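Reading through the structure tokens given below for one structure.
Number of protein chains: 2
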Amino acid sequence: MAEEKEKKYAIGLDMGGTNSVFGLVNQRGIVEYKTAISTRAYPDVNDYVKAGVEALRPAIEEVGGIEVIKGMGIGAPNGNFYSGNIEYAPNLLWKGNVPIAKLFSDELGIPARVTNDANAAALGEMTYGAARGMRNFVMITLGTGVGSGIVVDGNVVYGSDGFAGELGHAIVDRSAEARDCGCGRKGCLETYCSATGVARTARLMLEKTNAPSQLRELNPEEITSFDVYKAAEAGEQVAKDIFDYTGRILGAACANFALFSAPEAFIFFGGLTKAGHWIMDPIQEAFDENSLFTFKGKAKLLVSALDGSEAAVLGASALGWE
Amino acid sequence: MAEEKEKKYAIGLDMGGTNSVFGLVNQRGIVEYKTAISTRAYPDVNDYVKAGVEALRPAIEEVGGIEVIKGMGIGAPNGNFYSGNIEYAPNLLWKGNVPIAKLFSDELGIPARVTNDANAAALGEMTYGAARGMRNFVMITLGTGVGSGIVVDGNVVYGSDGFAGELGHAIVDRSAEARDCGCGRKGCLETYCSATGVARTARLMLEKTNAPSQLRELNPEEITSFDVYKAAEAGEQVAKDIFDYTGRILGAACANFALFSAPEAFIFFGGLTKAGHWIMDPIQEAFDENSLFTFKGKAKLLVSALDGSEAAVLGASALGWE
Chain S
36 MAEEKEKKYA IGLDMGGTNS VFGLVNQRGI VEYKTAISTR AYPDVNDYVK AGVEALRPAI
96 EEVGGIEVIK GMGIGAPNGN FYSGNIEYAP NLLWKGNVPI AKLFSDELGI PARVTNDANA
156 AALGEMTYGA ARGMRNFVMI TLGTGVGSGI VVDGNVVYGS DGFAGELGHA IVDRSAEARD
216 CGCGRKGCLE TYCSATGVAR TARLMLEKTN APSQLRELNP EEITSFDVYK AAEAGEQVAK
276 DIFDYTGRIL GAACANFALF SAPEAFIFFG GLTKAGHWIM DPIQEAFDEN SLFTFKGKAK
336 LLVSALDGSE AAVLGASALG WE
Chain G
36 MAEEKEKKYA IGLDMGGTNS VFGLVNQRGI VEYKTAISTR AYPDVNDYVK AGVEALRPAI
96 EEVGGIEVIK GMGIGAPNGN FYSGNIEYAP NLLWKGNVPI AKLFSDELGI PARVTNDANA
156 AALGEMTYGA ARGMRNFVMI TLGTGVGSGI VVDGNVVYGS DGFAGELGHA IVDRSAEARD
216 CGCGRKGCLE TYCSATGVAR TARLMLEKTN APSQLRELNP EEITSFDVYK AAEAGEQVAK
276 DIFDYTGRIL GAACANFALF SAPEAFIFFG GLTKAGHWIM DPIQEAFDEN SLFTFKGKAK
336 LLVSALDGSE AAVLGASALG WE
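If you read the protein sequences in the order shown, they are chains S and G.
Positions 36 to 357 (the working numbering) are the ones given, in order, by the first sequence.
Positions 36 to 357 (the working numbering) are the ones given, in order, by the second sequence.
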């Protein structure tokens, strides 16, 4: 009988609407090999899976074959941990239910699991990042949208249907002025704290003042949180106001979230966190002000400890070890 | 060696600021014996524990002695499941940390556990009530305050410090008109949906109209949801408006809560639920309107299946089986 080889690696797949990044990750959380394919180039998901496995093949052979790989984890839009499917993802070409975990598992001959990107990020943070050793925390991903992954007692909360943890769609403004959200409702956290939310706040704040600003030189639709950061560093009050406004909404929302699971920490991930103290200070301030006395001073507000470009792959791979 | 007797019973203690009700509960969830002592009569908690055990003694002997009792569960204000303590409960005479589980366990010679009343209610509902067979649900208790007990994957969420699940203090109104809460903040769910919240809404609604109402004959400070129910049954529009206002706030809040754990159900318990469709219809309406599309139509909104007078004791006893 052949000796069973030690499972030294896991595959992580960070699937975006445009590109898909595959990584081969070792037990210490180092991405030893990384490769990418276009997600959009494959209207048939079977072709996509074949292309992905093809791209991974050289790396798999390099490390000793599929026998040394424990499993594959996939972070995908609308990925459902329970079913292993991508379910009705608006930003992908494949419609309806796509049995993505089964397709990769069949093609590779190893177990595969799927979840959404924010849950994958939470797993990555717990396995390799700022949440090592924590059993209760909330991951908040600040990107094109606002996502969340909630860990209770050491497990990601998937809920009754696999879609738990959609805190980006918590309604934080019920006033008549609440912003329209892509989900069809109004006042969702995501409309204020996502990349487009920050750009929108920037436009509104610039309209309210005549103060000169380097932000006025940009296409208003394309202002990023990095642009605002540069303006804040240059001493512009309007930039500080933008981060204040954004951070205070996020901090107050987190104080409400803390009531649910009394987490040890909130971990923030994504472009907005690059603004450092400009964004983290108002988050902390509003969090403290809005916290119920029982929870005051308990939860830490942290920035992800994972390298941005690899965090999503690492997070997905963490699911491959389970 | 003596034969070990079957553990056929658990003790449940529903501790309120005024009275404490003890029950001896069998495996089918029948409260076979019930007895009560005054909570306020014992400034020393040791005397309280002795008096409680004294009151229970006859029932314990009746069913076959302490050997047939598996354990004791205590639902108490600020009860902490992890520490076994009551911690800084504002409504009790005993200050600071009170090791209530250890005191009863030592006195009775059986394991004892403590949690807060809303978590106890959730356990009761899961063991004997409307949540039997459910692994993900949220219990909402509507009483003097608004409490909550959250069950994820079949376990009550206690969080990092034992105090998770304080949804009554979710801030649902951030406007200038938000109501003051006893917690020192403004706009908490509890200020609208508790007994005092409903009474306050009644006073405000009565001021806004000249319509005759049987509610005007009452002391405005003492209007209860049952009074409002009777007025609604008598066809009064103002009473329906009070329930509409209250129910819509609660339903919208629950739509936000659902984002966290994607529960199978919300289970409502307490005086307000006695108003039947008058309160449940607006809750359901606002819940449906405010639900993220992913969750629309998924969670059931249910009223507790436990007899009000025994539910708290039953819930506490459920902790005694663990």
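All C-beta atoms in this analysis are idealised placements derived from N, C-alpha and C, irrespective of residue type, glycine included.
Just so we're clear, the structure is a prediction, and the values are computed from it rather than from any experiment.
Per the DSSP calculation, LYS69 (chain S) is bridged to which residue(s)? Here residue 69 (chain S) is taken as the residue at index 34 of the first sequence, counted from 1. Beta-bridge pairing links LYS69 (chain S) to S:GLY58.
Taking its Cβ as the centre, do 16 or more other Cβ atoms sit within 10 Å of SER326 (chain S), making it buried, or is it exposed? The residue given as residue 326 (chain S) occupies position 291 in the first sequence. It is buried - the Cβ of SER326 (chain S) has at least 16 other Cβ atoms within 10 Å.
Residues bridged to ASP323 (chain S) by DSSP? To locate residue 323 (chain S), count along the first sequence from 1; it is residue 288. Paired residues: none, contrary to the question.
Give the range of the beta strand (DSSP E) segment to which SER183 (chain S) is assigned. Against the first sequence, residue 183 (chain S) aligns to sequence position 148. Run containing SER183 (chain S): 181-187, per the beta strand (DSSP E) assignment.
Quick one: measure Cβ to Cβ for GLY110 (chain G) and ASP196 (chain G), integer angstroms, because I've assumed they're closer than 8 Å. Position 75 of the second sequence, counted from the first residue, corresponds to residue 110 (chain G). Position 161 of the second sequence, counted from the first residue, corresponds to residue 196 (chain G). Not confirmed; about 18 Å, so no contact.
Closest by CA to ARG238 (chain G), which one among G:ASP208, G:GLY51, G:PHE278, G:ARG220? Looking up residue 238 (chain G) in the second sequence gives position 203. The residue with the shortest Cα to Cα distance from ARG238 (chain G) is G:PHE278.
Selected residue, minimal CA-CA separation from ALA246 (chain G), among G:ALA266, G:GLU256, G:TYR227: For the purposes of this step, residue 246 (chain G) is identified with residue 211 of the second sequence, where counting begins at 1. Among G:ALA266, G:GLU256, G:TYR227, the Cα nearest to that of ALA246 (chain G) is on G:ALA266.
Give the DSSP bridge partners of GLU102 (chain S), in chain order. Numbered from 1 along the first sequence, position 67 holds the residue referred to as residue 102 (chain S). Answer is none; GLU102 (chain S) lacks a bridge partner.
Label ASN151 (chain G) either buried or exposed according to how many other C-beta atoms from any shown protein chain fall within 10 Å of its C-beta, with 16 as the threshold for buried. On the second sequence, residue 151 (chain G) is found 116 positions in, with the first residue counted as 1. The residue is buried, with at least 16 neighbouring Cβ atoms inside 10 Å.
From what residue to what residue does the beta strand (DSSP E) around ARG238 (chain S) run? Numbered from its first residue, the first sequence carries residue 238 (chain S) at position 203. Careful: ARG238 (chain S) lies outside any beta strand (DSSP E), inside the alpha helix (DSSP H) at 230-242.
Could you check which residue in S:LEU202, S:GLY164, S:LEU336, S:VAL207 has the C-alpha nearest to that of ALA315 (chain S)? Within the first sequence, residue 315 (chain S) is the residue found at index 280, counting from 1. The amino acid at residue 315 (chain S) is misidentified as Ala; the sequence shows Met. The candidate whose alpha carbon is nearest that of MET315 (chain S) is S:LEU336.
Answer yes or no: does any C-beta atom of chain S fall closer than 9 Å to that of GLU39 (chain G)? Residue numbering aside, residue 39 (chain G) sits at position 4 when the second sequence is read from its first letter. Closer than 9 Å: no.
According to the neighbour-count rule (16 or more other Cβ atoms, all chains shown, within 10 Å of its Cβ), is ASN126 (chain S) buried or exposed? Reading the first sequence from its first residue, position 91 is the one you call residue 126 (chain S). Flag for ASN126 (chain S) reads exposed.
Looking at the structure shown, is GLU89 (chain S) part of a helix, part of a strand, or coil, going by DSSP? Along the first sequence, one-based indexing puts residue 89 (chain S) at 54. Correct three-state label for GLU89 (chain S): helix.
List the residues of chain G that CYS218 (chain S) touches, going by C-beta distances under 7 Å, in chain order. Walking along the first sequence from the start, residue 218 (chain S) turns up at place 183. The answer, in chain order, is LEU327, PHE328.
Exposure of GLU367 (chain S), with buried meaning 16 or more beta-carbon neighbours within 10 Å: Because chain S spans 36 through 357 in this model, residue 367 (chain S) falls outside it and cannot be assessed.
DSSP state of ARG148 (chain S) mapped onto helix, strand, coil: For this step, residue 148 (chain S) is matched to residue 113 along the first sequence. Three-state result, ARG148 (chain S): strand.
Using a Cβ cut-off of 9 Å (strictly closer), state whether SER155 (chain G) contacts chain S. As a working mapping, residue 155 (chain G) is identified with position 120 in the second sequence. According to the sequence displayed, residue 155 (chain G) carries Ala and not Ser. So, not an interface residue.
LYS333 (chain S): contacting residues in chain G (beta-carbon distance under 8 Å): Looking up residue 333 (chain S) in the first sequence gives position 298. SER195, ASP196, listed in chain order.
Along the chain, where does the beta strand (DSSP E) containing GLY64 (chain S) start, and where does it finish? Start at 1 with the first residue of the first sequence, and residue 64 (chain S) comes out as number 29. Segment: none, GLY64 (chain S) is in no beta strand (DSSP E) and carries neither H nor E.
Straight-line gap, VAL233 (chain S) to TYR123 (chain S) (C-alpha atoms, nearest Å): Walking along the first sequence from the start, residue 233 (chain S) turns up at place 198. Walking along the first sequence from the start, residue 123 (chain S) turns up at place 88. Approximately 27 Å between the Cα atoms of the pair.
Residue interval of the beta strand (DSSP E) (run including THR176 (chain S)): Your numbering for residue 176 (chain S) matches position 141 in the first sequence. Element bounds for THR176 (chain S): 172-177.
Under 9 Å between C-beta atoms, does ILE175 (chain S) make it to chain G? To locate residue 175 (chain S), count along the first sequence from 1; it is residue 140. With 9 Å as the cut-off, ILE175 (chain S) does not count as an interface residue toward chain G.
What does the Cβ neighbour count give for TYR117 (chain G), buried or exposed, with the cut at 16 atoms within 10 Å? Indexing the second sequence from 1 puts residue 117 (chain G) at position 82. Result: exposed.
Could you tell me which chain S residues have their CB closer than 9 Å to the CB of SER210 (chain G), listed as they occur along the chain? Position 175 of the second sequence, counting from 1, holds the residue named residue 210 (chain G). In chain order: ARG209, SER210.
Among G:PRO78, G:ASP82, G:ALA86, G:GLY182, whose alpha-carbon lies nearest the alpha-carbon of THR70 (chain G)? Taking the first residue of the second sequence as position 1, residue 70 (chain G) is located at position 35. Out of G:PRO78, G:ASP82, G:ALA86, G:GLY182, G:ALA86 has the C-alpha closest to the C-alpha of THR70 (chain G).
Output yes if chain G places a C-beta closer than 9 Å to the C-beta of GLY200 (chain S); else output no. As a working mapping, residue 200 (chain S) is identified with position 165 in the first sequence. For GLY200 (chain S), the answer is yes, since a Cβ of chain G falls inside 9 Å of its Cβ.
Indicate whether at least one CB of chain G lies closer than 9 Å to the CB of ASP188 (chain S). The residue you call residue 188 (chain S) lines up with position 153 of the first sequence. So yes, ASP188 (chain S) belongs to the interface.
For VAL192 (chain S), go through chain G and note every residue whose CB falls closer than 9 Å to its CB, in chain order. Translated into the one-based positions of the first sequence, residue 192 (chain S) becomes position 157. The answer, in chain order, is ASN171, VAL187, ASP188, VAL192, PHE295, SER296, ALA297.
Would you mind reading off the limits of the beta strand (DSSP E) that contains LYS335 (chain S)? Here residue 335 (chain S) is taken as the residue at index 300 of the first sequence, counted from 1. Its beta strand (DSSP E) spans residues 335-338.
Sub-9 Å separation of ILE307 (chain S) and SER260 (chain S) beta-carbons: Looking up residue 307 (chain S) in the first sequence gives position 272. Looking up residue 260 (chain S) in the first sequence gives position 225. Note that residue 307 (chain S) is Leu in the sequence shown here, rather than Ile. Contact: yes.
Of the residues G:GLU320, G:LYS221, G:GLY178, which one's Cα is nearest the Cα of SER210 (chain G)? As a working mapping, residue 210 (chain G) is identified with position 175 in the second sequence. Closest option to SER210 (chain G), Cα to Cα, is G:LYS221.
Do we get a CB-CB distance below 9 Å when we pair ASN291 (chain S) with the residues of chain G? Along the first sequence, one-based indexing puts residue 291 (chain S) at 256. So yes, ASN291 (chain S) belongs to the interface.
For VAL207 (chain G) and ALA213 (chain S), the rounded distance between their alpha carbons: Reading the first sequence from its first residue, position 178 is the one you call residue 213 (chain S). Reading the second sequence from its first residue, position 172 is the one you call residue 207 (chain G). The straight-line gap from Cα to Cα measures roughly 14 Å.
Going by DSSP, which residues form a beta bridge with ASN115 (chain S)? The count along the first sequence starts at 1 and reaches residue 115 (chain S) at position 80. Note: ASN115 (chain S) sits in a beta bridge opposite S:ASN120.
Below 8 Å on the Cβ atoms is my guess for CYS228 (chain S) versus HIS204 (chain S); work out the distance and round it to an integer in Å. Residue 228 (chain S) sits at position 193 when you count from the first residue of the first sequence. Residue 204 (chain S) sits at position 169 when you count from the first residue of the first sequence. The pair is not a contact, with the Cβ atoms about 12 Å apart (cut-off 8 Å).
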